[in-house]
């Protein structure tokens with residue numbers, strides 16, 4: 002069972018939750034930039050939250066399905082169509098053999114990245130425990146590259162044809178409540194915790210960092226977002242030893258303009274770390290476009306953990322809400 006790439010879009014890659022456990026060897030984690038959208042798309046089609054999906058950046062692909070499938074698109078709204086019929090984000094659809102999924106628009110204020118999940122997941126071989134595409138190291142995905150015209154993307158299993166109409170009718174009549182706590186609405190005010198070297202910046206600089214509206218530079222990508230705005234400096238020159246990095250770490254290089262490390266970040270870094278974007282807000286960050294602005298507010302680690310726990314609870318509640326749908330999908334699916 003497979004998908005044929007008619008047009009690849011600007012940057013479409015296979016991503017899951019990332020390549021964890023190898024940072025000590027210098028292997029980047031990679032993975033989805035917006036893990037909330039990845040998780041939501043997978044839940045809507047009855048998958049475990051971390052199955053590999055397509056991450057679609059800015060301009061969407063055109064894909065022909067060579068077998069029946071159940072799909073969902075979450076994240077940025079890029080005007081998706083099945084053949085000539087427009088469809089919505091954040092709900093599941095049946096797409097049948099020979100039908101085409103396309104995207105008619107570039108993003109506006111809805112975000113930078115959309116995620117396409119398919120019931121039972123994409124069937125690409127894992128590399129170091131993950132199918133995520135690492136464009137720098139050419140690992141994972143399809144030969145470690147973004148999708149190209151005429152690529153074939155295999156996926157697992159198929160739906161029994163005689164039950165497709167029942168499935169379609171069920172999905173069309175389905176009413177789902179998506180809580181604001183799932184983090185699906187755009188937001189440019191990001192919450193941060195103190196970084197390792199926060200205390201090395203004097204109070205005036207700390208306040209400047211928190212009071213400044215920064216703009217995302219066009220020199221930004223999956224490795225890091227460079228920010229334009231007020232330049233920051235340490236109170237005294239310091240020699241900083243390299244140490245492990247994390248998604249959302251905010252480093253301050255010699256020019257004083259912060260860099261937020263993203264999914265494809267290097268495994269270690271030696272610049273001062275003034276703050277860390279909290280896990281619950283990384284999806285908001287990933288959906289911001291170059292030229293858009295953002296600002297920060299400081300919260301405690303305990304508050305950040307509480308916010309993330311509430312987010313997890315909202316996803317669990319959604320899975321419970323979809324219990325009957327998930328069972329129906331699994332009952333009418335042939336796994337192989």
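In the working numbering, the protein residues as written are 2 to 337. Note that CB positions come from ideal geometry on N, CA and C, so glycine has one too.
- For residue 39, the enclosing alpha helix (DSSP H) begins and ends at 36-45.
- The beta carbons of residue 10 and residue 38 sit no closer together than 8 Å.
- Counting only the Cα atoms, residue 288 lies some 6 Å from residue 114.
- Taking a contact as a CB-CB distance under 8 Å, the pair residue 62 and residue 8 counts as one, their CB atoms being some 6 Å apart.
- Residue 310 carries a helical assignment under DSSP once its states are collapsed to helix, strand and coil.
- For residue 92, the closest C-alpha among the options 111, 101, 118 is that of 118.
- Residues 268 of the same chain have their beta carbon placed closer than 6 Å to that of residue 27, with the five preceding and five following residues left out of the count.
- Contact between residue 139 and residue 48 does not hold, since the beta-carbon distance rounds to 27 Å and is not under 8 Å.
- In this structure residue 297 is not in contact with residue 166, their Cβ atoms being roughly 51 Å apart against a cut-off of 8 Å.
- Rounded to whole angstroms, the gap between the alpha carbons of residue 150 and residue 130 is 27 Å.
- 8 Å or more divides the Cβ of residue 187 from the Cβ of residue 68.
- Closest in C-alpha terms to residue 274, from the list 154, 73, 201, comes 201.
- Inclusion of residue 276 and residue 308 in the CB contact set at 8 Å is not warranted, their separation being larger than that value.
- In the structure shown, residue 202 adopts coil according to DSSP, grouped into three states.
- About 6 Å separates the beta carbon of residue 79 from that of residue 106, a gap short enough to meet the 8 Å contact definition.
- By the C-beta criterion, the stretch 144-162 is judged to be in contact with the stretch 13-20, since at least 3 inter-stretch pairs fall below 8 Å.
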